[in-house]
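To start, the structure itself, in structure tokens.
Residue numbers (the working numbering): 7 to 234.
Here it is, written out as structure tokens:
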């Protein structure tokens, strides 16, 4: 039997598996190469493409895992290590997890954002969510803090005469985001600070509740670590 057509031919009734060089065998051999085993890395078979699908949904790749079978536990599962999703697939993955400012980030940055953003969605609309999202997106180049009540005005029992006795209108739905930039790290990786402001603002716009307003302030971290 011709090995090239063996797997498909074996699925047919015995009458079709007669010995000899017949047209059916040649036809199945062509389909076998296309569907199951092409032997050409530049034109992989469909089965090879299907095996690669898990990698498309793994921004950081898939590490090999093994689960041992216990008396009442699950069956053992063994998975092979798989490469990370290709760069061209990262914008689609970012949209798949509803991260709309993906255009402001490189493929490598998107890998870490996509891998870490889903667990944060349970906290959406909170200060904790925005702080963690900003750290996920920009933690390597700076740190952020959020003041949920930047304009307090004159509050009896809290304000100090001559210090913070400011007469101002209360703005309960306004918050302030301060991003302290590690200048050296940013310069090495990204370039101009005004580009960073646009990127940070895009993430804040994405994360803030729709009924709120905000103020964004970028500062330089004076205590940033020196280069080694």
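Virtual Cβ for every residue (Gly too), placed ideally from N, Cα, C. Predicted, not measured: the structure shown is a model, and the values here were computed from it.
field: CA-to-CA distance, residue 101 to residue 201, given in whole angstroms
entry: 22 Å
message: Can you tell me whether residue 130 is helix, strand or coil according to DSSP?
response: In the structure shown, residue 130 sits in coil (DSSP, three-state: anything other than H, G, I, E or B).
Per-residue burial, residue 66 [other beta carbons within 10 Å of its own, 16 or more giving buried]: exposed
message: Between which residues of its own chain and residue 69 is the CB-CB distance below 8 Å, once the five residues before and five after are set aside?
response: The residues are 87.
task: Compute the beta-carbon to beta-carbon distance between residue 6 and residue 116, rounded to the nearest angstrom, for a pair I have assumed lies under 8 Å.
output: No information on residue 6 is available, as it lies outside the stretch 7 to 234 that the chain covers here.
Residue 218, DSSP secondary structure in three states: coil
- request: May I ask you to report which of helix, strand or coil DSSP gives residue 150?
  value: strand
- prompt: With a Cβ-Cβ cutoff of 8 Å, do residue 188 and residue 148 count as a contact?
  reply: In contact: residue 188 and residue 148 (Cβ atoms closer than 8 Å).
query: Which residues in the same chain have their Cβ closer than 6 Å to the Cβ of residue 107, if we skip the five residues on either side of it in sequence?
result: 208, 209 and 212
field: Rounded C-alpha distance that separates residue 113 from residue 123
entry: Approximately 15 Å, taken between the alpha carbons.
query: Are the Cβ atoms of residue 220 and residue 185 separated by less than 8 Å?
result: Result no, Cβ atoms of residue 220 and residue 185 do not sit closer than 8 Å.
- request: Please report the residue range of the alpha helix (DSSP H) in which residue 120 lies.
  value: 113 to 123
Buried or exposed by the 16-neighbour rule on C-beta atoms within 10 Å, applied to residue 99: buried
- request: Within the same chain, show all residues whose beta-carbon is closer than 8 Å to that of residue 204, passing over the 5 residues directly before and after it, in chain order.
  value: 110
- request: Mind checking which residues open and close the alpha helix (DSSP H) that includes residue 30?
  value: 29 to 41
task: Compute the distance between the beta-carbons of residue 22 and residue 30, then report whether it is under 8 Å.
output: yes
message: Quick check: what's the CA-CA separation for residue 232 versus residue 56?
response: Low confidence applies here, because residue 232 scores a pLDDT of 39, under 50, leaving its location unreliable; read the following figure in that light. For residue 232 and residue 56, the distance between alpha carbons rounds to 48 Å.
task: Count the other C-beta atoms from every protein chain shown that fall within 10 angstroms of the C-beta of residue 2, then say buried if there are 16 or more, exposed otherwise.
output: This structure cannot settle anything about residue 2, because the visible part of the chain is limited to 7 through 234.
query: On the three-state DSSP scale, how would you describe residue 209?
result: helix
- prompt: What span of residues does the beta strand (DSSP E) with residue 187 cover, start to end?
  reply: Where residue 187 is concerned, the enclosing beta strand (DSSP E) starts and stops at 180 to 187.
Terminal residues of the alpha helix (DSSP H) in which residue 21 lies: Premise fails: residue 21 is in no alpha helix (DSSP H) and is neither H nor E.
query: What is the DSSP secondary structure of residue 14, reduced to helix, strand or coil?
result: helix
query: Does the beta-carbon of residue 206 have 16 or more other beta-carbons within 10 angstroms, so that it is buried, or is it exposed?
result: Classification of residue 206: buried, given that the 10 Å Cβ count is 16 or more.
field: residue 68 - partner residues in DSSP beta bridges
entry: 88
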